[in-house]
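Colleague:
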Amino acid sequence: GIQVEQSPPDLILQEGANSTLRCNFSDSVNNLQWFHQNPWGQLINLFYIPSGTKQNGRLSATTVATERYSLLYISSSQTTDSGVYFCAVESTGNQFYFGTGTSLTVIP
Amino acid sequence: DTGVSQNPRHKITKRGQNVTFRCDPISEHNRLYWYRQTLGQGPEFLTYFQNEAQLEKSRLLSDRFSAERPKGSFSTLEIQRTEQGDSAMYLCASSLAVIAGGEFFGPGTRLTVL
């Protein structure tokens with residue numbers, strides 16, 4: 092299967108700070124998504140972004156498919172942004188391969 | 004639309020027992036996925052249905068695991084003769100095939116095998 096690596100594994104931010112999370116993947120993909128898993132375990136779909144750039148409020152994401160990486164930007168972080176951020180990719184077969192995540196803690 | 008629901012939310016069982024989990028997808032969604040997540044890891048794909056047809060199964064899905072979606076609506080995941088290594092969060096997700104990137108996850112069932 093496709094290998095998905097995320098960095099950094101852990102991140103602690105002061106409220107209001109900005110951050111960049113990275114996802115590298117080992118093969119061509121048809122689908123790439125970013126998810127946020129909150130402290131209660133619920134996975135929320137943030138972006139569907141197989142290529143290009145998207146923005147949603149304080150979050151934005153960029154995928155450079157030819158170079159096999161994606162970036163998630165969080166600006167003006169808030170304590171509610173805490174949790175684990177996962178990158179997930181799909182090539183064929185309708186199954187997602189998830190990375191091991193970036194655990195984000197935002198302190199007030 | 005109440006989202007994807009899963010029951011039970013927590014299950015504690017003794018090794019060797021059988022357990023069954025249920026997933027109710029969003030009503031118009033024709034695709035349904037099961038994933039397993041262990042502590043500190045990302046979710047791992049187990050199986051996928053389109054309507055009632057099980058189209059893909061992971062090698063992680065041993066003979067002790069079986070999943071069904073008999074009428075193309077809710078799905079069940081059964082684990083027979085549970086082992087301690089089966090302890091994990093079992094996640095269900097659903098989507099509408101024509102909408103890329105529209106996967107919605109349920110809250111999960113946390114299984115603890117003693």
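For the record, the sequence lines run as chains A and B.
Per this note's numbering, residue 92 is the first one in the first sequence, and the count goes up by one each step.
Per this note's numbering, residue 4 is the first one in the second sequence, and the count goes up by one each step.
In this text, a Cβ means the ideal position worked out from N, Cα and C, and glycines have one as well.
The structure presented is a predicted model; accordingly, all values stated were derived computationally and were not measured.
(1) Buried or exposed: which applies to residue 88 of chain B, given that a residue is buried once 16 or more other Cβ atoms fall within 10 Å of its Cβ?
(2) If you reduce the DSSP assignment to three classes, tell me which class residue 186 of chain A lands in.
(3) Do residue 100 of chain A and residue 193 of chain A come within 8 angstroms of each other at the CB atom, strictly closer than that value?
(4) Within 10 Å of its beta-carbon, does residue 118 of chain A have 16 or more other beta-carbons around it, so buried, or fewer, so exposed?
(5) What are the boundary residues of the beta strand (DSSP E) that residue 33 of chain B is part of?
(6) Taking the alpha-carbon positions, what's the residue 174 of chain A to residue 168 of chain A distance?
(7) On the CB-based measure, 16 or more other CB atoms within 10 Å of its CB, does residue 97 of chain B come out buried or exposed?
(8) Which two residues bound the contiguous beta strand (DSSP E) that contains residue 198 of chain A?
(9) Taking a cut of 7 angstroms between CB atoms, which residues from the region 181 to 196 of chain A lie near chain B?
(10) Figure out for me which residue from A/125, A/98 and A/196 has the closest Cα to the Cα of residue 178 of chain A.
(11) Kindly list the residues whose CB is nearer than 6 angstroms to the CB of residue 142 of chain A, restricted to its own chain and excluding five residues on each side of it in sequence; keep chain order.
(12) Whole angstroms is fine: what's the gap from residue 97 of chain A's alpha carbon to residue 115 of chain A's?
(13) Does DSSP put residue 91 of chain B in a helix, a strand or coil?
(14) Please determine, among A/103, A/138 and A/185, the residue with the shortest C-alpha to C-alpha distance to residue 121 of chain A.
(15) Since residue 176 of chain A and residue 134 of chain A should fall inside the 8 angstroms C-beta cutoff, what is the C-beta to C-beta distance between them, to a whole number of angstroms?
(16) Reducing DSSP to helix, strand and coil, say where residue 156 of chain A ends up.
(17) For residue 138 of chain A, write down the residues that DSSP places opposite it in a beta bridge.
(18) Kindly provide the ranges of any beta strand (DSSP E) runs that are 3 or more residues long and lie completely inside the region 53 to 79 of chain B, ordered along the chain.
(19) Are residue 114 of chain B and residue 78 of chain B touching if we call contact CB-CB under 8 angstroms?
(20) Assuming residue 9 of chain B and residue 109 of chain B make a contact with CB atoms under 8 angstroms, what is their CB distance in whole Å?
(21) Determine, using beta carbons only, whether residue 64 of chain B comes closer than 8 angstroms to chain A.
Modeller: In short, the structure shows the following:
(1) exposed
(2) coil
(3) yes
(4) exposed
(5) Element bounds for residue 33 of chain B: n/a, residue is neither H nor E.
(6) Between residue 174 of chain A and residue 168 of chain A, the C-alpha separation is close to 12 angstroms.
(7) Burial call: buried.
(8) 193 to 198
(9) The residues in question are 184, 185, 186, 187, 189, 190, 191 and 192.
(10) Ranking A/125, A/98 and A/196 by Cα distance to residue 178 of chain A puts A/125 first.
(11) 154 and 156
(12) Their backbone Cα atoms lie some 6 angstroms apart in a straight line.
(13) In the structure shown, residue 91 of chain B sits in a strand (DSSP, three-state: E or B).
(14) A/185
(15) 10 angstroms between Cβ atoms; not a contact.
(16) helix
(17) A/125
(18) 56 to 60 and 68 to 71
(19) no
(20) Confirmed, Cβ separation roughly 4 angstroms.
(21) no
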